[in-house]
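What follows is a single structure, written as structure tokens, with notes after it.
Number of protein chains: 2
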Amino acid sequence: PHQFAVVGLGRFGMVVARTLAERGHDVLGLDRDEGPVQEAREVVTHAIQADLTDEAVLRELGVAEVDAAVVAIGDDVEASIFVTALLVEAGVPHVAARANSHLHGHILRRVGATRIIYPEQESGAALAQHLRAPDVTDYFALGAGIGVARLNAPRAWIGRTLDEVRQSPPNPSLVLAIQRGEETIAEPAPGEQVRDGDVLVLLCPDNNLDEIPCEYP
Amino acid sequence: PHQFAVVGLGRFGMVVARTLAERGHDVLGLDRDEGPVQEAREVVTHAIQADLTDEAVLRELGVAEVDAAVVAIGDDVEASIFVTALLVEAGVPHVAARANSHLHGHILRRVGATRIIYPEQESGAALAQHLRAPDVTDYFALGAGIGVARLNAPRAWIGRTLDEVRQSPPNPSLVLAIQRGEETIAEPAPGEQVRDGDVLVLLCPDNNLDEIPCEYP
Ligand SMILES: Nc1ncnc2c1ncn2[C@@H]1O[C@H](COP(=O)(O)OP(=O)(O)OP(=O)(O)O)[C@@H](O)[C@H]1O
Ligand SMILES: Nc1ncnc2c1ncn2[C@@H]1O[C@H](COP(=O)(O)OP(=O)(O)OP(=O)(O)O)[C@@H](O)[C@H]1O
Numbered sequence: 624p625h626q627f628a629v630v631g632l633g634r635f636g637m638v639v640a641r642t643l644a645e646r647g648h649d650v651l652g653l654d655r656d657e658g659p660v661q662e663a664r665e666v667v668t669h670a671i672q673a674d675l676t677d678e679a680v681l682r683e684l685g686v687a688e689v690d691a692a693v694v695a696i697g698d699d700v701e702a703s704i705f706v707t708a709l710l711v712e713a714g715v716p717h718v719a720a721r722a723n724s725h726l727h728g729h730i731l732r733r734v735g736a737t738r739i740i741y742p743e744q745e746s747g748a749a750l751a752q753h754l755r756a757p758d759v760t761d762y763f764a765l766g767a768g769i770g771v772a773r774l775n776a777p778r779a780w781i782g783r784t785l786d787e788v789r790q791s792p793p794n795p796s797l798v799l800a801i802q803r804g805e806e807t808i809a810e811p812a813p814g815e816q817v818r819d820g821d822v823l824v825l826l827c828p829d830n831n832l833d834e835i836p837c838e839y840p
Numbered sequence: 624p625h626q627f628a629v630v631g632l633g634r635f636g637m638v639v640a641r642t643l644a645e646r647g648h649d650v651l652g653l654d655r656d657e658g659p660v661q662e663a664r665e666v667v668t669h670a671i672q673a674d675l676t677d678e679a680v681l682r683e684l685g686v687a688e689v690d691a692a693v694v695a696i697g698d699d700v701e702a703s704i705f706v707t708a709l710l711v712e713a714g715v716p717h718v719a720a721r722a723n724s725h726l727h728g729h730i731l732r733r734v735g736a737t738r739i740i741y742p743e744q745e746s747g748a749a750l751a752q753h754l755r756a757p758d759v760t761d762y763f764a765l766g767a768g769i770g771v772a773r774l775n776a777p778r779a780w781i782g783r784t785l786d787e788v789r790q791s792p793p794n795p796s797l798v799l800a801i802q803r804g805e806e807t808i809a810e811p812a813p814g815e816q817v818r819d820g821d822v823l824v825l826l827c828p829d830n831n832l833d834e835i836p837c838e839y840p
């Protein structure tokens, strides 16, 4: 397990902190307000109320010892930039920071952030992916025009074998798994038949996703 | 192609609108402010300045004819709820809405939204996934504890065959693809050797991701 610091315990920071802590990592949660710190206390290793734009505080708390830090401050752009710069200067090897705009993100990189997150843009792109292929419950682009799609078995495929499915739009190159009720059949045989209620995971050309027979008229 | 309406052209709404329009779908972008409407004009089919809490306006603009609508209003919770309710009552079959909190999301569902998006939580979870396995550049959970991971070939795997890789942590069950420079080798042979700079896409048990040999000390 590794050590992480999360500065800013709003909705974004709290989820980062909680997820890492649940996976067994050491998480130091920091926020300038009492409320978020109290809430974080139940999920992280240590939660401390502090203003991280104060360099003395940062040193005192030993924040520089972590493997990676997350600057999850949203609205206060100045604080976001200052805290990022201080963490980088203190020697934290990886600093991920959330940005409000491309210029803000550019500046964060200039002061040494190693990864920039744009929450609204990321979830907007994921929603658009869902809307254009609503039966595709997840999509994962692999680059070079191929991706992995998870989809509810379209009505038109029920009773077909996987070999037959490979020949109909969107012509997946491989069915990786079938989720059937509680069971997951990884690397199913070509003769396996699709049943109503199956969830299929396919390796599939990205451009063809819109060709999956779907619920829009 | 389908018809979509996106109400609210902030960072989230704009990305949804742009992505769908780029994929060839008909996108009607709506915002109460001039600025976002102007910006959207370059990327969507139609961009109109309007206050969508006004039921008469909604009817006039024919927004009810779309296949799906997105309520991308962030801060104004009242407007988000009212616009969602109006779109549902007007007969739009799928209404996706962004929520600021779980209670807000619950209310949106009660007024008929078919999908709720929490941008901060979604990107927070994605960042946590990245931090716990930093060489994994993407991860896609398939449920039942398996997922698809894309990762930079760890130093320890260079020169090994895919068969050997399958036997070392995190014991992937299948290497789906190798991205090597400009080329993507889908379904590579078991004897294929990993080269420096390769990006591997694996079907892999989720709990083992932390075992990938990685850059943290
Ligand atoms: N200088 C600082 N030191 C420590 N914490 C800070 C500092 N400045 C802001 N924060 C904290 O960062 C957190 C997130 O900031 P933001 O203003 O984006 O709130 P939010 O909108 O609740 O966040 P989210 O969008 O993640 O829900 C807040 O809880 C705030 O108290
Ligand atoms: N009643 C309404 N009718 C139409 N548009 C609206 C209405 N209320 C708000 N909007 C628009 O919704 C957009 C997004 O709202 P929000 O207040 O979240 O702005 P934002 O913070 O810029 O958004 P984002 O977080 O997506 O970047 C704004 O451009 C706003 O003008």
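These protein sequence lines map, in sequence, to chains A and B. This note's numbering puts the first residue of the first sequence at 624, with every later residue one more than the last. This note's numbering puts the first residue of the second sequence at 624, with every later residue one more than the last. By construction, the Cβ of each residue, glycine as well, lies at the ideal position given by its N, Cα and C atoms. Bear in mind that the values here come from a model prediction, so they are computed numbers and not experimental data.
Query, Result
"What residues from the stretch 769 to 780 of chain B come within 8 Å of chain A, judged by C-beta to C-beta, listed N to C?", "I769, V771 and R773"
"Buried or exposed: D761(B), going by 16 or more other Cβ atoms within 10 Å of its Cβ?", "buried"
"Restricting to Cα atoms, I'd like to know which of V798(A), D829(A), V822(A) and V824(A) is closest to G814(A).", "V798(A)"
"Quick check on the burial criterion: 16 or more other C-beta atoms within 10 angstroms. Buried or exposed for D656(A)?", "exposed"
"If we require 3 or more residues per run, which beta strand (DSSP E) segments fall completely within the stretch 700 to 742 of chain A?", "717 to 721 and 738 to 740"
"I'd like to know whether the C-beta atoms of I835(B) and V788(B) end up nearer to each other than 8 Å.", "no"
"Could you pull the DSSP bridge partners for E806(A) from this structure?", "R803(A)"
"In or out: D690(B) buried (at least 16 other Cβ within 10 Å) or exposed?", "buried"
"Taking just the CA atoms, how far does E810(A) sit from R783(A)?", "17 Å"
"Residues of chain B with a CB under 7 Å from the CB of I740(A): which are they?", "S746 and L750"
"Using 10 angstroms around the beta-carbon of P792(A), count the other beta-carbons present and answer buried if the total reaches 16, otherwise exposed.", "exposed"
"State buried or exposed for L675(A), treating a residue as buried only when at least 16 other CB atoms are found within 10 Å of its CB.", "buried"
"Taking the continuous beta strand (DSSP E) assigned at A628(B), which residues delimit it?", "Q626 to V630"
"On the three-pair Cβ rule with 8 Å, is the stretch 726 to 746 of chain B touching the stretch 663 to 671 of chain B?", "no"
"Note down, in chain order, every chain A residue with its Cβ under 7 Å from the Cβ of E665(B).", "Those within 7 Å of E665(B) in chain A number zero; the least Cβ separation is about 16 Å."
"Would DSSP call A640(B) helix, strand or coil?", "helix"
"Could you tell me the alpha carbon to alpha carbon distance between S703(B) and P795(B), rounded to whole angstroms?", "44 Å"
"Under 8 Å between C-beta atoms, does V796(B) make it to chain A?", "The identity of residue 796(B) in the sequence shown is Ser, whereas the question assumes Val. Chain A, which has a Cβ nearer than 8 Å to the Cβ of S796(B), makes this yes."
"Tell me which residues pass a beta-carbon proximity test against ligand 2: closer than 7 Å to any heavy atom, given in chain order.", "E743(A), V630(B), G631(B), L632(B), G633(B), R634(B), F635(B), G636(B), L653(B), D654(B), R655(B), D656(B), P659(B), A673(B), D674(B), L675(B), T676(B), A695(B), I696(B), G697(B), D698(B), D699(B), A702(B) and V706(B)"
"With a threshold of 8 Å on Cβ separation, who are the neighbours of D786(A) within its own chain once the five nearest residues in sequence on each side are excluded?", "P813 and G814"
"Whose CA, out of V693(A), V680(A) and I781(A), lies closest to the CA of A720(A)?", "V693(A)"
"Decide if the stretch 820 to 832 of chain B is in contact with the stretch 765 to 779 of chain B; the criterion is three or more beta carbon pairs, one per stretch, under 8 Å apart.", "yes"
"Output the distance between the C-alpha atoms of V650(A) and G714(A), rounded to the nearest integer angstrom.", "18 Å"
"Would you list the one or two residues that DSSP bridges to D654(A)?", "Q672(A)"
"Going by DSSP, what residue range makes up the alpha helix (DSSP H) through R773(B)?", "Taken as a continuous stretch (DSSP letters only), R773(B) belongs to no alpha helix (DSSP H), being part of the beta strand (DSSP E) at I769 to N775."
"In whole angstroms, what separates the C-alpha of N831(A) from that of V706(A)?", "44 Å"
"Keeping to the same chain, check which residues put their C-beta closer than 6 Å to that of D819(A); ignore five residues upstream and five downstream.", "I781"
"Secondary structure at A663(B), three-state DSSP: helix, strand or coil?", "helix"
"Please confirm whether V638(B) and Q744(A) have their CB atoms less than 8 Å apart.", "yes"
"So, for G581(A): in the same chain, excluding its five sequence neighbours on each side, which residues have a beta-carbon less than 6 Å away from its beta-carbon?", "As displayed, chain A neither begins before 624 nor continues past 840, which places residue 581(A) out of reach and without an answer."
"According to DSSP, F763(A) sits in a beta bridge with which residue or residues?", "V771(A)"
"Given a cut-off of 8 Å, decide if G658(A) and A640(A) are closer than it, judged by their beta-carbon atoms.", "no"
"Can you have a look at H648(A) and say buried or exposed, based on whether 16 or more other CB atoms are within 10 angstroms of its CB?", "buried"
"So A692(A) is in the beta strand (DSSP E); what residue range does that whole segment cover?", "A691 to V694"
"Using only alpha-carbon positions, find the residue among T807(A), A800(A) and P828(A) that is nearest to T807(B).", "P828(A)"
"Is there a Cβ of chain B sitting closer than 8 Å to that of A708(A), yes or no?", "no"
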